[in-house]
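Scroll down for the structure; my scribbles are underneath it.
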Amino acid sequence: MKRGCIERSAGNPIPQVWAADTWWSRARGLLARPALAEDGSEALLIRPCASVHTIGMGYPLDLVFLGHDDVVLEWRENVRPYRTAMCRRAAATIEFHGGALDRLQPQRGEHWHWRATAPAPSSPGVRS
Numbered sequence: 085m086k087r088g089c090i091e092r093s094a095g096n097p098i099p100q101v102w103a104a105d106t107w108w109s110r111a112r113g114l115l116a117r118p119a120l121a122e123d124g125s126e127a128l129l130i131r132p133c134a135s136v137h138t139i140g141m142g143y144p145l146d147l148v149f150l151g152h153d154d155v156v157l158e159w160r161e162n163v164r165p166y167r168t169a170m171c172r173r174a175a176a177t178i179e180f181h182g183g184a185l186d187r188l189q190p191q192r193g194e195h196w197h198w199r200a201t202a203p204a205p206s207s208p209g210v211r212s
């Protein structure tokens, strides 16, 4: 997976975001990986993606759905394991550890742009 960050139009960037943009990386997602940081500093961007499942997850997820223009459409908080969530208009989904959106406070219409950064930790949940 590619490593990057999310730059937000309202500030408060997300420093470690892995992009799952191949079939295999999207299918695997966060399964069999260490848990993401609870403070919202780590996330997984899945593109293209309008729906996710939490089958096999050991913790709840917060989800942000982005449109084709990287604008926040909607979000779901604390989606428990063995559930699904979707947003029909979404082009991408960002997964966070459950509870992270309390700190991040997304806003509808806010622009969240993923930008590649220098290689470092190879998978979500690995701290540098």
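Mapped onto the numbering used here, the consecutive letters of the sequence shown carry residue numbers 85 to 212.
No residue lacks a Cβ here, since even glycine has one placed at the ideal position from N, Cα and C.
The structure presented is a predicted model; accordingly, all values stated were derived computationally and were not measured.
So within the stretch 130-167, which uninterrupted beta strand (DSSP E) runs reach at least 3 residues, ignoring any that extend past its ends?
For the beta strand (DSSP E) assignment, the uninterrupted runs of no fewer than 3 residues enclosed by the stretch 130-167 are, from N- to C-terminal side, 135-137, 145-150 and 156-163.
Can you tell me where the beta strand (DSSP E) holding Ala116 begins and where it ends?
For the purposes of this step, residue 116 is taken as residue 32 along the sequence shown, with counting starting at 1. First-last for Ala116: undefined, no H or E at that position.
With DSSP collapsed to three states, give me the class of Arg187.
By 1-based counting over the sequence shown, the position of residue 187 is 103. If DSSP states are grouped into helix, strand and coil, Arg187 belongs with the helices.
Can you tell me whether Ile130 is buried or exposed, with buried defined as 16 or more other CB within 10 angstroms of its CB?
Position 46 of the sequence shown, counted from the first residue, corresponds to residue 130. Answer is buried; the Cβ neighbour count reaches 16.
Gly88: first and last residue of the uninterrupted beta strand (DSSP E) it sits in:
One-based indexing of the sequence shown puts residue 88 at position 4. Note, Gly88: beta strand (DSSP E), Lys86 to Arg92.
Could you tell me the distance, in whole angstroms, from the CA atom of Glu158 to the CA atom of Ala200?
Taking the first residue of the sequence shown as position 1, residue 158 is located at position 74. Taking the first residue of the sequence shown as position 1, residue 200 is located at position 116. Approximately 24 Å between the Cα atoms of the pair.
Would you mind reading off the limits of the beta strand (DSSP E) that contains Glu194?
Taking the first residue of the sequence shown as position 1, residue 194 is located at position 110. Taken as a continuous stretch (DSSP letters only), Glu194 belongs to no beta strand (DSSP E), as it is neither H nor E.
Inter-residue CB distance, Pro144 and Val163 (contact presumed, cutoff 8 Å):
In the sequence shown, counting from the first residue as 1, residue 144 sits at position 60. In the sequence shown, counting from the first residue as 1, residue 163 sits at position 79. At roughly 6 Å, the Cβ-Cβ gap stays under 8 Å, so Pro144 and Val163 are in contact.
Assigned exposure category for Trp198 - 16 Cβ within 10 Å defines buried
By one-based count along the sequence shown, residue 198 stands at place 114. Classification for Trp198: buried.
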